[in-house]
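> So that we are looking at the same thing, I have put the structure below in structure tokens.
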Amino acid sequence: MPPRAAFPRAAAAAVGDARLRANLRHATHTIRAKRAAAVAELPDWELLRAAGAAIKDRTLRHLDHYLPRLEEAVTAAGGRVHWAADAAEANRIVVDLVRATGETEVVKVKSMATQEIGLNAALAREGITAYETDLAELIVQLGDDLPSHILVPAIHRNRGEIRDIFARRMGDWGRPAPEGLGDTPAELAEAARLHLREKFLTAKVGVSGANFMVAETGTMVVVESEGNGRMCLTLPETLISVVGVEKVVPTWRDLEVFLQLLPRSSTAERMNPYTSTWTGTTDGDGPHVFHLVLLDNGRTDALADTVGRQALRCIRCSACLNVCPVYERAGGHAYGSAYPGPIGAILTPQLRGTGTPLDASLPYASSLCGACYEVCPVAIDIPEVLVHLRERVVQGGQVTLRGTRTVIKPARGHAAERAALRAAAWAFDHPGVLRAGQRLAARTLRLHPRRLPGPGRAWSDSRALPEVPAESFRDWWLRTRGERDSHEQP
Amino acid sequence: MRVALFVTCVNDTLYPRTGRAVVTLLERLGVEVDFPAAQSCCGQPQYNTGYRHQAEPLVRRYAAAFRGYDYVVTPSGSCAAMVRDNYPRIGARAAAEGRGRELTEAAESAVPKTYELTEFLVDVLRVTDVGAYFPHTVTYHPTCHGLRLLGLRDRPRRLLAAVRGLKLVELPGAEECCGFGGTFAVKNAAVSAAMGADKARHIAATGAETVCTVDNSCRLHIGGTLARRGSPVRPVHLAEILASTEGDIW
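Those protein sequence lines, which keep their order, are chains G and X. Just so we're aligned, residue 151 is where the first sequence starts under my numbering, counting upward by one. Just so we're aligned, residue 1293 is where the second sequence starts under my numbering, counting upward by one.
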């Protein structure tokens, strides 16, 4: 990952990119309206949502029970389980597994976990090429770009841009784009289909994530729209699935709830076109070898935080991105993580810590409007966690890092703000002082600048300041009805 | 019925007219209003920026200032939401940090009697026609905390619909945040300004002369954006419309 600017700077650059803003606005508003309609069809949506949250919470509290059960079931079904504490360990496990097959190419199912750990780059360093087969991931890969959305990684690109990327780069990765490629969805999809088919039919190793893992049977579940995932899951000889530990659900019965919540929230479909489930290995059908890499990478640390842990309920539907006014304008790259948008703003600082300027700025990448919480299918109170993480950034305090309780210091660069808010709190707790300040402001009205200096400049550049009235409400009350209630405390 | 006005620090300092409008309105409806001078800020700027401990004295102050009242009425959706949503959290966290139950009790005493103005009118006084007259075209921006944290739903619109002379026009993208967000407006100024610009564009598209909110902090942002763009649209707090009668000139 390249070094990244803190969110406000990266977002300011995105705001100035008219094409990016138009692409994002169009895409998020379209899916937003569709999702609302799909959700409105279900009379019991709020109950489903509560059930989803409850199942996830309970499972997370008992991961120490369900993960060993999952391992037993996967092993009994002929698979092998590997435990990865962090990204480096997970990448090393996958590299070794691929190497053991003697192959130098793998086909990939779209997976947030492998984006999170930077698996493609780790494989490339060892001479192994990973081919993304999801249409949007393919666009991102061919464009030497980074994903900018959880569900639609190339949401920041429009059709014209995609056509240009296909025409220019497909040949470098395999079958070139057809001559005279147009920019209709059908033409673009056909070009991708022809390009990818060669990969599906020749690849001996597939790499995937999973949306869910069922502990009772050791079953992996992938929910997708294009069918490329099913090709990767069934055609190769070896299948390696990298999955976050929080993706486990106890039983198939629990799965039923999430298979209703996920498609409606993500693609606004009643049911997604392809739901693939696989359990270990079976003679004569599908991969001969199955490996499951269970990824921690900060998840159990997040679990130790009683407020922040609700982020681990996330089923990666991306409804919060599509409804977020900040994401819509800042774009996904400003978040500097595989997880952009509101969920990224609470997940990333928990998985990576708040040690870098970027990660410390993410909890502030929100106006706390609450639209994300409203649409979340597992009722993650994102604003609550944002404020909780802001407290961690400015005050430091106890956190769990790599399984150990430790005390972190406040992030740097908040001294002036802390002093200002402390002073404000003190003045507010002494109404006499507050009144004196109000009167001073009213008396010095002529001296007030129309543009503010320092941090306030950002405000007055685009917004006029209100005029301070000649008399505060407090003074008006005292002047007109002071006799009724004037017991002012010092 | 003992009713206290929680005017809020923003209204006290920058929009005293809104506070005066609430007093006028409630008195016209037969309610006796008190203004306990010991009140101050709800602590939202501190809490939402991450300074929870700095918000604690303000929770105590709020509870003490309004002790003994049946109802606390405030013309601010976000300050009402701060009290109702976050005071219990602040109290619970203090208790979890082993600092006794005093703050928890202060927080809990404040929650059930705190009402945003439109809730008080519609739910407690059970009125929607408050006898107001406002002969202008108005569009309504439902502020985020009123909309999502308090769940005000159609209460403000019902009150507006009963105002004589008022023509209510729908705001496109009404439920999208205006971009204020407290310190967000300064910390992420570019995104905040872009959100404000879109809100201003939507407001202009309605052709309304007036944009109405139930939160003057959003009004501060929307009004500042409209003014900087040279828009003639006037931002007004709902209370000022509801307090207005035939004799008032706007």
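Using N, Cα and C, we set each Cβ at its ideal position, and we do this for glycine too. Computed from a prediction, not measured in an experiment: that's the story for all the values here.
1) Would you list the residues sitting across from Gly356/G in a DSSP beta bridge?
2) To the nearest angstrom, report how far apart Ser487/G and Ile1541/X are at their CA atoms.
3) Would you say Cys519/G faces chain X, with C-beta separation under 8 Å as the test?
4) For Ala203/G, I'd like the list of residues in its chain whose CB is within less than 7 Å of its CB, leaving aside the five on either flank, ordered along the chain.
5) Give the single residue among Phe440/G, Met363/G and His580/G whose Cα lies nearest to the Cα of Thr209/G.
6) Quick one: which residues of the region 1293 to 1306 of chain X get their C-beta closer than 8 Å to a C-beta of chain G? List them in chain order.
7) Identify whether Gln548/G lies in helix, strand or coil by the three-state DSSP scheme.
8) Going by beta carbon distance, what residues of the same chain come within less than 6 Å of Leu1518/X, once the five residues before and after it are set aside?
9) I need the straight-line Cα distance from Ser636/G to Phe1358/X, nearest angstrom please.
10) If distances are taken between C-alpha atoms only, which option among Pro490/G, Asp451/G and Val302/G comes closest to Thr554/G?
11) Please list, in chain order, the chain G residues whose beta carbon lies closer than 8 Å to that of Tyr1343/X.
12) Can you pull the chain G residues whose beta carbon is under 8 Å from the beta carbon of Ala1481/X, in chain order?
13) Using a cut-off of 7 Å between C-beta atoms, extract the partners of Pro1337/X located in chain G.
14) Of the residues that make up the region 471 to 503 of chain G, which ones have a beta carbon closer than 7 Å to any beta carbon in chain X?
15) Pick from Ala469/G, Gly332/G, Asp404/G and Cys470/G: whose alpha carbon is nearest that of Asn308/G?
16) Quick check: the region 174 to 192 of chain G against the region 333 to 348 of chain G, are there 3 or more CB pairs under 8 Å?
17) So, under 8 Å CB-CB, Ile1533/X and Leu1452/X are touching, yes? Tell me the CB distance rounded to an integer number of Å.
18) Could you name each continuous alpha helix (DSSP H) segment of 4 residues or more that falls completely within the region 214 to 286 of chain G, going from the start of the chain to the end?
19) Based on the DSSP secondary-structure assignment, which residues constitute the bridge partners of Ile558/G?
20) Could you name the residues of chain C that Ser622/G contacts, counting a contact when the two beta carbons are closer than 7 Å?
21) DSSP state of Pro1242/X, grouped into three classes?
22) Let me check one thing: in DSSP terms, what residues is Leu485/G bridge-paired to?
23) Counting pairs of Cβ atoms below 8 Å between the region 566 to 575 of chain G and the region 1324 to 1338 of chain X, do you hit three or more?
24) With a cut-off of 8 Å on the beta carbons, I'd call Val1409/X and Val1506/X a contact; round off their distance for me.
25) Would Ala592/G and Val557/G qualify as a contact pair, given that the criterion is a beta-carbon distance under 8 Å?
26) Does any C-beta atom of chain G lie closer than 8 Å to the C-beta of Arg1526/X?
27) Secondary structure at Lys397/G, three-state DSSP: helix, strand or coil?
28) Would you say Arg1493/X reaches chain G, if we count a Cβ-Cβ gap shorter than 8 Å as a contact?
29) If you run the structure through DSSP and keep just helix, strand and coil, what is Tyr1361/X?
30) For my contact list, Ile278/G and Val245/G are in at a C-beta cut-off of 8 Å; report their separation, rounded to the angstrom.
31) Closer than 7 Å by C-beta to Leu584/G: which residues in its own chain qualify, once you throw out the five before and the five after it? Chain order, please.
32) Any idea which residues DSSP pairs Glu374/G with across the strands?
33) Under the three-state reduction of DSSP, which class applies to Glu638/G: helix, strand or coil?
34) Listed from N- to C-terminal order along the chain, which residues in the region 328 to 351 of chain G have their beta-carbon within a distance smaller than 9 Å of any beta-carbon of chain X?
35) How about Glu196/G: is its C-beta nearer than 8 Å to some C-beta of chain X?
36) Expressed to the nearest angstrom, what Euclidean distance is found between the alpha-carbon atoms of Gly1499/X and Pro475/G?
This is what the structure holds:
1) On the first sequence, residue 356/G is found 206 positions in, with the first residue counted as 1. Partner residues in the beta bridge of Gly356/G, as assigned by DSSP, are Val257/G and Leu389/G.
2) Translated into positions along the first sequence, residue 487/G becomes position 337. Translated into positions along the second sequence, residue 1541/X becomes position 249. For Ser487/G and Ile1541/X, the distance between alpha carbons rounds to 54 Å.
3) One-based indexing of the first sequence puts residue 519/G at position 369. The beta carbon of Cys519/G falls within 8 Å of a beta carbon belonging to chain X, placing the residue at that interface.
4) Sequence index remark: in the first sequence, residue 203/G carries index 53 (1-based). Contacts found: Arg463, Val528 and Ala529.
5) The count along the first sequence starts at 1 and reaches residue 209/G at position 59. It is Met363/G.
6) Within the region 1293 to 1306 of chain X, the qualifying residues are Val1299, Cys1301, Asn1303, Asp1304, Thr1305 and Leu1306.
7) Counted from its first residue, the first sequence places residue 548/G at position 398. DSSP places Gln548/G in strand when its eight states are reduced to three.
8) Here residue 1518/X corresponds to residue number 226 of the second sequence, with the count starting at 1. Answer for Leu1518/X: Ala1492 and Val1525, listed in chain order.
9) Against the first sequence, residue 636/G aligns to sequence position 486. Against the second sequence, residue 1358/X aligns to sequence position 66. Unreliable positioning characterises Ser636/G in this predicted model, as indicated by a pLDDT of 47, which lies under 50. A coordinate reading is not provided.
10) Position 404 of the first sequence holds residue 554/G. Selected option, being the one with the closest Cα: Asp451/G.
11) For the purposes of this step, residue 1343/X is taken as residue 51 along the second sequence, with counting starting at 1. Correct list: Glu541, Val544, Gln545, Arg568, Leu571, Arg572 and Ala575.
12) The residue you call residue 1481/X lines up with position 189 of the second sequence. In chain order: Pro158, Ala162, Ala608, Trp609, Asp611 and Ser612.
13) For the purposes of this step, residue 1337/X is taken as the residue at position 45 of the second sequence. Contact of Pro1337/X with chain G by beta-carbon distance below 7 Å involves Leu571 and Ala574.
14) Taking 7 Å as the Cβ-Cβ cut-off, the region 471 to 503 of chain G approaches chain X at Pro475, Val476, Arg479 and Ala480, given in chain order.
15) Here the question's residue 308/G lines up with position 158 in the first sequence. Comparing Cα-Cα distances from Asn308/G to each of Ala469/G, Gly332/G, Asp404/G and Cys470/G, the minimum goes to Gly332/G.
16) With a cut-off of 8 Å, the region 333 to 348 of chain G and the region 174 to 192 of chain G do not count as touching, because too few Cβ pairs lie within range.
17) Working through the second sequence from its first residue, we reach residue 1533/X at position 241. Working through the second sequence from its first residue, we reach residue 1452/X at position 160. Correct: roughly 7 Å between the Cβ atoms.
18) List check, alpha helix (DSSP H) in window: 237 to 251, 262 to 267 and 269 to 275.
19) Along the first sequence, one-based indexing puts residue 558/G at 408. Residue pairing by DSSP puts Ile558/G in a beta bridge opposite Gly547/G.
20) Absent from the structure is chain C; the protein chains it does hold are G and X.
21) Within the shown structure, residues of chain X are numbered from 1293 to 1542, placing residue 1242/X beyond reach of any answer.
22) Taking the first sequence and counting its residues from 1, the one referred to as residue 485/G is at position 335. In the sequence on display, residue 485/G carries Tyr and not Leu. Answer is none; Tyr485/G lacks a bridge partner.
23) The region 566 to 575 of chain G makes contact with the region 1324 to 1338 of chain X: 3 or more CB pairs, one atom from each, lie closer than 8 Å.
24) Working through the second sequence from its first residue, we reach residue 1409/X at position 117. Working through the second sequence from its first residue, we reach residue 1506/X at position 214. The question names Val, but residue 1409/X in the sequence shown is Leu. Sure, about 7 Å apart at Cβ, within 8 Å.
25) On the first sequence, position 442 is the one that residue 592/G refers to. On the first sequence, position 407 is the one that residue 557/G refers to. Not closer than 8 Å, so no.
26) Position 234 of the second sequence, counted from the start, is the residue given in the question as residue 1526/X. Not one chain G Cβ lies under 8 Å of Arg1526/X.
27) Locating residue 397/G in the first sequence gives position 247, where the first residue counts as 1. Assignment of Lys397/G by DSSP, reduced to helix, strand and coil, places it in the helix class.
28) Taking the second sequence and counting its residues from 1, one reaches residue 1493/X at position 201. Judged by the 8 Å Cβ criterion, Arg1493/X is not in contact with chain G.
29) As a working note, residue 1361/X is residue 69 in the second sequence. When secondary structure is reduced to three states using DSSP, Tyr1361/X falls in the coil class, being assigned neither helix nor strand.
30) Position 128 of the first sequence, counting from 1, holds the residue named residue 278/G. Position 95 of the first sequence, counting from 1, holds the residue named residue 245/G. The pair is a contact, with the Cβ atoms about 7 Å apart (cut-off 8 Å).
31) The residue labelled residue 584/G in the question sits at position 434 within the first sequence. Excluding sequence neighbours, Leu584/G sits near Ala577 and Phe578.
32) Here residue 374/G refers to the residue found at position 224 of the first sequence. DSSP links Glu374/G through a beta bridge to Tyr424/G.
33) As a first step, residue 638/G is located in the first sequence; it is residue number 488 there, counting from the start. Only weak support is given to the placement of Glu638/G: the predicted model assigns it a pLDDT of 47, under 50, and the value that follows is read from those uncertain coordinates. In the three-state DSSP reduction, Glu638/G falls in the coil class, being neither helix nor strand.
34) Hits within the stretch: zero.
35) Walking along the first sequence from the start, residue 196/G turns up at place 46. Not a single CB atom of chain X sits nearer than 8 Å to the CB of Glu196/G.
36) If you number the second sequence from 1, residue 1499/X lands on position 207. If you number the first sequence from 1, residue 475/G lands on position 325. Rounded to whole angstroms, Gly1499/X to Pro475/G spans 24 Å at the Cα level.
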